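So the structure is just underneath, and the comments pick up after that.
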Amino acid sequence: MRVLVVEDEQRMAAALARGLGAEGFVVDVAADGPSGLESARFGGYDAVVLDIMLPGLSGYTVVRTLREEGNGVPVLLLSAKDGEYDQADGLDYGADDYLTKPFSFVVLVARLRALMRRGPAPRPPVLDAAGITLDPSSRRVEVEGAAVDLSRTEFLVLEHLLRAHPSVVSKESLLDDVWGAGQRGDPNVVEVYIGYLRRKLGRERIETVRGSGYRLRA
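So the sequence shown is residues 0 to 217, counted in my numbering.
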């Protein structure tokens with residue numbers, strides 16, 4: 000079982016390498032974000048232990064980039080940040096688990112083994128309708144084969160429409176799923192983002208169904 004440890008604090012990295020090695024893992028160490036990302040991309044690891052505060056690229060950026068590229072290697076984030084929003088951010092970026100420092104080495108090993116039993120996260124299927132292709136893993140969108148650059152919110156609105164196709168999606172559903180239930184602002188924000196998508200994808204691709212919502216044209 001091969002593990003990549005990405006940790007810039009030398010004593011912590013050495014302790015993790017020794018301890019995991021004693022547990023039967025084959026361990027490689029990277030000391031900064033860019034080298035950790037490169038190793039995780041091509042090293043064929045069974046899991047990555049990833050510190051958040053790293054030189055060059057943060058652990059958040061590393062795990063988010065891996066997920067955007069479709070790399071499902073299990074990632075366990077380590078951080079001295081123990082706030083609930085810090086942990087939520089790490090998981091939202093694509094990490095599989097989060098452990099705060101100082102931590103129990105026994106718990107670290109147990110969580111690593113659990114992640115390895117689970118294996119890499121399955122790659123979500125590519126969505127395709129109305130001449131639009133959306134890859135949730137790489138966050139790539141194409142219209143008739145041509146790449147289209149979307150903001151995060153535009154991407155989420157389009158993803159919702161594609162998953163519902165050919166059904167109609169209500170404005171309320173979009174507000175809840177994209178902006179979050181209880182976090183609603185002006186409901187007209189949905190119309191604004193539908194307008195953005197029409198300009199980028201082609202007005203004819205998104206239909207307004209009066210009194211109901213929006214849907215992608217067949």
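Ideal Cβ placement from N, Cα and C applies to all residues, glycine included. All values reported here derive from a predicted model rather than from experimental measurement.
Classification of residue i by the beta-carbon crowding that lies within 10 angstroms, buried from 16 upward
i, result
"Phe-102", "exposed"
"Asp-95", "buried"
"Val-54", "Per the sequence shown, the amino acid found at residue 54 is Pro instead of Val. Its Cβ having fewer than 16 others within 10 Å, Pro-54 is exposed."
"Gln-182", "Residue confidence is low: Gln-182 scores 49 on pLDDT, short of 50, so the model does not pin down where it sits. No coordinate-derived value is stated."
"Val-62", "buried"
"Asp-148", "exposed"
"Leu-90", "exposed"
"Glu-37", "exposed"
"Ala-163", "buried"
"Leu-200", "buried"
"Arg-110", "buried"
"Gly-194", "exposed"
"Gln-9", "exposed"
"Asp-127", "exposed"
"Phe-24", "buried"
"Asp-117", "The identity of residue 117 in the sequence shown is Arg, whereas the question assumes Asp. Its Cβ having fewer than 16 others within 10 Å, Arg-117 is exposed."
"Asn-70", "buried"
"Gly-20", "exposed"
"Glu-6", "buried"
"Gly-35", "buried"
"Val-177", "buried"
"Gly-93", "buried"
"Asp-50", "buried"
"Val-140", "buried"
Alpha helix (DSSP H) segment containing residue i, residue limits
i, result
"Ser-166", "Note, Ser-166: premise wrong, no alpha helix (DSSP H); not H, not E."
"Ser-34", "32-41"
"Tyr-219", "No answer is possible for residue 219: it lies beyond the span of the chain, which begins at 0 and ends at 217."
"Val-61", "58-67"
"Leu-3", "Looking at the DSSP string, Leu-3 is not in any alpha helix (DSSP H); the run it does join, the beta strand (DSSP E), is 1-5."
"Tyr-192", "188-200"
"Gly-18", "9-21"
First and last residue of the uninterrupted beta strand (DSSP E) at residue i
i, result
"Asp-27", "25-29"
"Ile-205", "205-208"
"Val-105", "Not the beta strand (DSSP E): Val-105 falls in the alpha helix (DSSP H), residues 104-117."
"Lys-46", "Correcting the residue identity first, residue 46 is Ala in this sequence and not Lys. Ala-46 -> beta strand (DSSP E) spans 46-50."
One or two residues paired with residue i in a DSSP bridge
i, result
"Glu-141", "Thr-132, Ala-146"
"Thr-99", "Ser-78"
"Gly-212", "Val-208"
"Asp-127", "Thr-132"
Integer Cβ distance of residue i from residue j, believed to fall under 8 Å
i, j, result
"Ala-30", "Ala-12", "7 Å"
"Leu-242", "Pro-73", "Residue numbering for the chain in the displayed model covers 0 to 217; residue 242 lies beyond these limits and cannot be assessed."
"Leu-161", "Leu-196", "Between Leu-196 and Leu-161 the Cβ distance is about 11 Å, and since that is not below 8 Å, they are no contact."
"Gly-18", "Phe-104", "5 Å"
"Gly-210", "Lys-170", "Not quite, the Cβ-Cβ distance comes to about 10 Å (not below 8 Å), so this is no contact."
"Leu-76", "Gly-58", "6 Å"
"Arg-214", "Arg-204", "Arg-214 to Arg-204, Cβ: 10 Å. No contact."
"Val-26", "Ala-16", "5 Å"
"Leu-174", "Val-189", "6 Å"
Chain C within 9 Å of residue i, Cβ atoms only
i, result
"Arg-116", "This model lacks chain C altogether; it includes just one protein chain."
Residue i Cβ short of 8 Å to the ligand MN heavy atom set
i, result
"Val-156", "Annotation note on the ligand MN: not contained in the displayed structure, which lists no ligands."
Inset, instruction - Count the CB pairs spanning the region 0-14 and the region 37-54 that are closer than 8 Å, and state whether there are at least three. - result: yes
Legend entry - Given 8 Å, three or more beta-carbon pairs between the region 130-137 and the region 75-95: no
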